[in-house]
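S.K.:
In this note's numbering, the protein residues as written are 151 to 610.
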């Protein structure tokens with residue numbers, strides 16, 4: 151089936167409220183300064199499931215039945231995103247106005263969808279929602295029984311780790327028929343308070359830029375940017391890891407090894423067009439902010455930062471993989487400190503009033519894509535992804551968001567939820583030339599239909 155044929159029809163939208171609002175929960179959840187660095191815009195986590203034996207309607211009934219108990223534990227997500235009327239800074243009004251439950255239908259069988267084209271698959275499966283909603287839970291039923299479950303929210307409330315907690319807790323609540331969770335979520339923002347007075351290094355200013363029409367690429371150039379989804383096998387990841395750890399050097403993680411390989415591909419794509427290119431990484435800081443084992447694993451909010459490195463294209467092409475991997479490792483380690491996140495909280499404290507009063511937004515300067523070509527990479531690693539609602543594991547769990555008018559390339563790496571050791575490589579913003587180089591590399595296999603079987607009697 152051509153990807154253009156995928157059409158989603160919304161059957162219903164209803165509001166679901168928490169059945170037992172937690173006593174004493176604040177009427178307003180203040181947003182931390184780390185949340186404000188990323189700002190308020192919609193993001194989605196899409197989970198794709200093969201046809202369950204019980205049928206999609208049984209899954210819908212189970213999700214619908216579990217949501218009131220789920221929202222009682224994730225109470226801010228039953229509220230509304232608003233702005234403080236005085237200073238215009240976003241906040242969450244914990245009013246129990248209700249999360250949205252969307253039910254939709256696709257006439258196409260899931261096995262006929264080509265997930266390689268992200269915008270024409272995941273981009274059409276997710277359903278836009280009102281930006282005042284803190285949570286939109288969406289279930290799409292496909293012909294022949296497949297389904298997709300999407301969690302839509304705002305980046306003000308979650309980062310990658312938080313998203314996996316949201317999904318895992320929903321799956322656990324559905325499986326447990328509303329019973330207690332094995333671990334409760336944490337919403338306490340007090341860990342990320344700014345100091346008085348705020349203190350940070352001058353270099354931090356250079357890392358950020360205002361995201362305005364003057365700093366955006368033009369819309370026609372933005373339209374040329376592609377989105378693609380690939381798969382990397384467990385065997386190929388292991389081979390990369392060995393190559394990145396060669397010569398008696400420190401053993402590289404699979405993520406570091408893949409980043410090093412991709413940086414070399416970026417250099418190949420740049421070629422003679424620029425003497426230098428950049429890689430940037432989104433780094434989770436939970437273990438650094440609170441080193442007690444697992445203390446912030448269930449924290450719902452943003453604890454991420456960026457770091458970037460620029461290198462010579464010629465040197466990247468010449469260097470063995472283990473040398474590039476060492477540069478990657480050092481870059482990530484350099485910002486994985488509690489001091490870094492304290493500085494970010496202090497930095498935003500001095501800027502948030504003016505920034506939100508005029509409606510502007512900050513972004514990391516490397517995101518704009520000005521200067522040497524830059525690729526930003528993040529990963530839902532090593533976070534466990536549990537999307538099993540009691541009807542079988544998903545075949546894919548992947549974030550989706552609009553790439554906007556940013557000129558950098560961007561990649562998100564996510565482990566396969568089937569547990570086979572493979573990873574999905576989601577090129578969420580990718581230039582045509584870089585796409586050509588990636589697709590010429592046998593490491594990357596187009597995602598296709600995810601290997602989903604066609605149910606008996608189903609006509610594609």
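A virtual CB, placed ideally from N, CA and C, is assigned to each residue, including glycine.
Thinking C-alpha only, which one of 295, 316, 164 is nearest residue 259?
M.R.: Measuring from the Cα of residue 259, the nearest candidate turns out to be 295.
S.K.: Looking at residue 475: is its Cβ nearer than 8 Å to the Cβ of residue 587?
M.R.: Contact flag unset, no.
S.K.: Keeping to the same chain, check which residues put their C-beta closer than 6 Å to that of residue 511; ignore five residues upstream and five downstream.
M.R.: The answer, listed in chain order, is 189, 361.
S.K.: Within 10 Å of its beta-carbon, does residue 240 have 16 or more other beta-carbons around it, so buried, or fewer, so exposed?
M.R.: So residue 240 ends up on the buried side.
S.K.: Contact defined as beta carbons within less than 8 Å: I believe residue 224 pairs with residue 344. What is the distance between those atoms, to the nearest angstrom?
M.R.: With a Cβ gap of about 26 Å, residue 224 and residue 344 do not count as contacting.
S.K.: Distance check for residue 277 and residue 551, CA to CA, integer angstroms please.
M.R.: Using only the alpha carbons, I get a separation of about 12 Å.
S.K.: For my contact list, residue 668 and residue 292 are in at a C-beta cut-off of 8 Å; report their separation, rounded to the angstrom.
M.R.: Since the displayed the chain opens at 151 and closes at 610, residue 668 lies outside it and no answer follows.
S.K.: Among the residues of its own chain, which have a CB less than 8 Å from the CB of residue 585, if the five just before and after it don't count?
M.R.: The residues are 376, 378, 577.
S.K.: Determine the extent of the beta strand (DSSP E) in which residue 602 is found, giving its start and end residues.
M.R.: Careful: residue 602 lies outside any beta strand (DSSP E) and carries neither H nor E.
S.K.: In angstroms with no decimal places, state the Cα-to-Cα distance between residue 469 and residue 420.
M.R.: The alpha-carbon atoms of residue 469 and residue 420 are separated by roughly 16 Å.
S.K.: Should the stretch 441-457 be regarded as contacting the stretch 366-374, the criterion being three or more beta carbon pairs within less than 8 Å?
M.R.: Because the criterion of three Cβ pairs below 8 Å is not met, the stretch 441-457 and the stretch 366-374 do not touch.
S.K.: Among 396, 582, 547, 304, which has the Cα closest to the Cα of residue 265?
M.R.: Closest by alpha carbon: 547.
S.K.: Can you check whether the CB of residue 288 is closer than 8 Å to the CB of residue 263?
M.R.: Contact: no.
S.K.: Does the separation of the CB atoms of residue 573 and residue 382 fall below 8 Å?
M.R.: Yes, the Cβ-Cβ distance between residue 573 and residue 382 is below 8 Å.
S.K.: What is the DSSP secondary structure of residue 225, reduced to helix, strand or coil?
M.R.: Residue state, collapsed to three classes: helix.
S.K.: I need the straight-line Cα distance from residue 486 to residue 553, nearest angstrom please.
M.R.: Answer to the nearest angstrom: the Cα atoms are 26 Å apart.
S.K.: Measure the Cβ-Cβ separation of residue 195 and residue 300 and say whether it is below 8 Å.
M.R.: Result yes, Cβ atoms of residue 195 and residue 300 sit closer than 8 Å.
S.K.: When you compare only the Cα positions, how much space is there between residue 509 and residue 503?
M.R.: For residue 509 and residue 503, the distance between alpha carbons rounds to 10 Å.
S.K.: Comparing C-alpha positions only, which one of 167, 538, 506, 545 sits nearest to residue 283?
M.R.: Considering only alpha carbons, the answer is 167.
S.K.: Starting from residue 455, follow the beta strand (DSSP E) in both directions and report where the run begins and ends.
M.R.: Looking at the DSSP string, the run of the beta strand (DSSP E) that includes residue 455 is 454-462.
S.K.: Per DSSP, what kind of secondary structure is residue 152 in: helix, strand or coil?
M.R.: Note on residue 152: pLDDT 48, under 50, position unreliable in the model; no value is reported.
S.K.: Are the Cβ atoms of residue 403 and residue 429 separated by less than 8 Å?
M.R.: Cβ distance not < 8 Å, so residue 403 and residue 429 don't count as in contact.
S.K.: Please check the pair residue 539 and residue 212, which I expect to be a contact at CB under 8 Å, by giving their CB distance rounded to whole angstroms.
M.R.: Correct: roughly 6 Å between the Cβ atoms.
S.K.: Going by DSSP, what residues sit across from residue 427 in a beta bridge?
M.R.: According to DSSP, which records beta bridges pairwise, residue 427 is partnered with 461.
S.K.: Once DSSP output is grouped into helix, strand and coil, what is the label at residue 497?
M.R.: In the structure shown, residue 497 sits in a helix (DSSP, three-state: H, G or I).
S.K.: Return the Cβ separation of residue 472 and residue 396 in integer angstroms, given the expectation that the two are a contact with Cβ distance under 8 Å.
M.R.: With a Cβ gap of about 5 Å, residue 472 and residue 396 count as contacting.
S.K.: Got a sec, what are the start and stop residues for the beta strand (DSSP E) residue 446 sits in?
M.R.: Premise fails: residue 446 is in no beta strand (DSSP E) and is neither H nor E.
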